[in-house]
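Heads up: the sequence shown begins at 2 in this note's numbering, then just goes up one per residue.
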Amino acid sequence: MSLQIDLAGKRILVTGASRGIGRAIAEALLSAGATVALHYNRNADGAQQVHAAWPETSILIGADLSHSNSTTQLFHDALRALDGLDVLVNNAGIAAEMPLSLETDQWEHAWDLTMAVNLKAPALLSRLAVKHFAGDGGGRIITVSSRAAFRGDTADYMAYAASKGGIVSFTRSIARSFGREGVKAFLLAPGFIRTDMAQDAIDLYGEDYVMEGIRLPRLTEPQDIAPIAVLLASGLADHATGCTIDINAASYVH
Ligand SMILES: NC(=O)c1ccc[n+]([C@@H]2O[C@H](COP(=O)([O-])OP(=O)(O)OC[C@H]3O[C@@H](n4cnc5c(N)ncnc54)[C@H](OP(=O)(O)O)[C@@H]3O)[C@@H](O)[C@H]2O)c1
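Spelled out as structure tokens, the structure:
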């Protein structure tokens with residue numbers, strides 16, 4: 002059997018497509034023929050580089066996902082610019098350091114910001130996507146959670162782990178509730194991936210810490226995640242709806 006994936010005609014919104022995992026996913030989707038709305042926040046240059054490589058099949062949309070209004074606007078802008086939507090990729094996220102020693106108001110601020118970007122924003126986008134997909138013949142949601150959702154994280158990143166756990170149960174609820182309307186929802190749960198976010202952890206704890214438990218000879222790269230997103234977007238794996246795909250080089254098996 003030969004398996005070829007052609008995403009021509011698929012309209013996809015990828016949040017956080019300016020760098021790291023989101024950029025690798027966006028580039029893989031574009032390589033497979035999809036039309037992609039490349040979302041960015043501060044790093045317009047990174048998103049612009051992707052757009053420059055696929056000028057005919059990509060568009061750029063900036064939005065700060067810590068604000069609900071911007072998040073909602075992003076969805077409507079993407080829907081209008083793409084003239085519809087087939088797949089939503091919730092990738093953008095932050096890992097805010099928040100040791101217990103922080104003053105309560107600083108700790109609470111880090112908690113609120115983490116929940117806004119990592120949990121509320123993908124929930125708002127998913128809600129709008131479900132409503133759109135249910136009235137438009139179906140669609141797919143791919144949300145990037147984390148290994149931290151299942152094993153927890155260090156004391157410095159408790160909000161991060163909680164936000165990633167929250168989006169798992171939210172996304173599974175979508176898969177359970179709206180499958181009959183054609184909505185499929187999947188989760189990716191990476192371990193450490195070599196990006197700016199992982200670099201922050203490397204700076205804090207050292208390279209040995211991020212390699213701990215990894216059973217392959219090198220740290221996972223964003224390009225190691227992207228093909229799975231292409232497969233899920235294609236529809237070839239729809240009966241895996243509700244699943245979480247672990248991508249952590251066997252560092253955590255649950
Ligand atoms: N790297 C890892 O080890 C790892 C492990 C497990 C899960 N993950 C998850 O994978 C996803 C991508 O992580 P990454 O490692 O690629 O991170 P990254 O390199 O730090 O990139 C983060 C992305 O999120 C966007 N973003 C951040 N804050 C935003 C905001 N307020 N509004 C809108 N967009 C915002 C950034 O946009 P701009 O650059 O334009 O500002 C950027 O595109 C995240 O959900 C993360 O939790 C990462």
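Even for Gly, the Cβ is constructed at its ideal location relative to N, Cα and C. Nothing here was measured: the structure is a model prediction, and the numbers come from that model.
Looking at the secondary structure, which residues open and close the alpha helix (DSSP H) in which Ile246 lies?
Taking the first residue of the sequence shown as 1, we reach residue 246 at position 245. Per DSSP, Ile246 belongs to no alpha helix (DSSP H); it is in the beta strand (DSSP E), 245–248.
Identify the residues that DSSP records as bridge partners of Tyr41: which are they?
Counted from its first residue, the sequence shown places residue 41 at position 40. According to DSSP, which records beta bridges pairwise, Tyr41 is partnered with Gly63.
Give the DSSP-derived three-state secondary structure of Pro100 in the structure shown.
For the purposes of this step, residue 100 is identified with residue 99 of the sequence shown, where counting begins at 1. It is coil, neither helix nor strand.
Using DSSP with H/G/I as helix, E/B as strand and the rest coil, what is Thr72?
If you number the sequence shown from 1, residue 72 lands on position 71. The answer is helix: DSSP assigns Thr72 an H, G or I state.
Confirm the yes/no value for this check: CB of Phe193, any heavy atom of ligand 1, distance under 7 Å.
For this step, residue 193 is matched to residue 192 along the sequence shown. For ligand 1, at least one heavy atom lies less than 7 Å from the Cβ of Phe193.
Apply the 10 Å Cβ neighbour rule to Tyr210 and answer buried if 16 or more other Cβ atoms are within range, or exposed otherwise.
Numbered from its first residue, the sequence shown carries residue 210 at position 209. So Tyr210 ends up on the exposed side.
Cβ of Arg20 within 7 Å of any heavy atom in ligand 1?
Numbered from 1 along the sequence shown, position 19 holds the residue referred to as residue 20. Correct: Arg20 has its Cβ closer than 7 Å to ligand 1.
Assign Asn91 to one of three DSSP states: helix, strand, or coil.
In the sequence shown, residue 91 corresponds to position 90, counting from 1. Three-state DSSP puts Asn91 in a strand.
Distance between beta carbons of Ile26 and Leu89, contact taken as under 8 Å
Stepping through the sequence shown from its first residue, residue 89 is reached at position 88. Stepping through the sequence shown from its first residue, residue 26 is reached at position 25. So it is not a contact: roughly 12 Å between Cβ atoms.
Tyr41 Cβ short of 7 Å to ligand 1 heavy atom set
On the sequence shown, position 40 is the one that residue 41 refers to. Using a cutoff of 7 Å, the CB of Tyr41 counts as near ligand 1, since one of the ligand's heavy atoms is closer than that.
Does the pairing of the region 238–255 with the region 178–191 give three or more beta-carbon distances under 8 Å?
Contact between the region 238–255 and the region 178–191 is established, with three or more Cβ pairs separated by less than 8 Å.
Between Arg148 and ligand 1, is the CB less than 7 Å from at least one heavy atom?
Stepping through the sequence shown from its first residue, residue 148 is reached at position 147. At a threshold of 7 Å, Arg148 counts as near ligand 1, since its beta carbon sits closer than that to one of the ligand's heavy atoms.
Whole-angstrom Cβ separation of Arg12 and Asp78, contact assumed at under 8 Å?
Here residue 12 refers to the residue found at position 11 when the sequence shown is read from its first residue. Here residue 78 refers to the residue found at position 77 when the sequence shown is read from its first residue. That pair is no contact at about 13 Å.
Option nearest Ser170 by Cα separation, candidates Lys121, Arg216, Glu98:
Counting from one through the sequence shown, the residue named residue 170 turns up at place 169. Among Lys121, Arg216, Glu98, the Cα nearest to that of Ser170 is on Lys121.
Between Val15 and ligand 1, is the CB less than 7 Å from at least one heavy atom?
In the sequence shown, counting from the first residue as 1, residue 15 sits at position 14. No, the Cβ of Val15 stays beyond 7 Å of every heavy atom of ligand 1.
Name the DSSP bridge partner or partners of Thr58?
For the purposes of this step, residue 58 is identified with residue 57 of the sequence shown, where counting begins at 1. Note: Thr58 sits in no beta bridge, so no partner.
Quick one: does the C-beta of Ala93 sit closer than 7 Å to a heavy atom of ligand 1?
As a position in the sequence shown, residue 93 is number 92, starting the count at 1. Within the cutoff, so yes.
Length of the line joining the Cα atoms of Trp55 and Ala18:
For this step, residue 55 is matched to residue 54 along the sequence shown. For this step, residue 18 is matched to residue 17 along the sequence shown. Cα to Cα, the separation comes out at about 13 Å.
Are the beta-carbon atoms belonging to Ala33 and Leu39 less than 8 Å from one another?
Numbered from its first residue, the sequence shown carries residue 33 at position 32. Numbered from its first residue, the sequence shown carries residue 39 at position 38. Taking 8 Å as the Cβ cut-off, Ala33 and Leu39 do not qualify as a contacting pair.
Is any heavy atom of ligand 1 found at a distance shorter than 7 Å from the C-beta of Thr172?
Locating residue 172 in the sequence shown gives position 171, counting from the first residue. No - ligand 1 has no heavy atom lying nearer than 7 Å to the Cβ of Thr172.
Determine whether the Cβ of Leu86 lies closer than 8 Å to any Cβ atom of chain D.
The structure shown contains no chain D, having only a single protein chain.
Please report the distance separating the alpha-carbon of Lys165 from that of Ile6.
Reading the sequence shown from its first residue, position 164 is the one you call residue 165. Reading the sequence shown from its first residue, position 5 is the one you call residue 6. Spanning the two alpha carbons is a distance of roughly 29 Å.
First and last residue of the alpha helix (DSSP H) that includes Lys132?
If you number the sequence shown from 1, residue 132 lands on position 131. Counting along the chain, the unbroken alpha helix (DSSP H) around Lys132 starts and ends at 122–135.
Out of Ala53, Gly236, Ala93, which has the shortest C-alpha to C-alpha gap to Tyr41?
For this step, residue 41 is matched to residue 40 along the sequence shown. Here the closest residue by C-alpha is Ala93.
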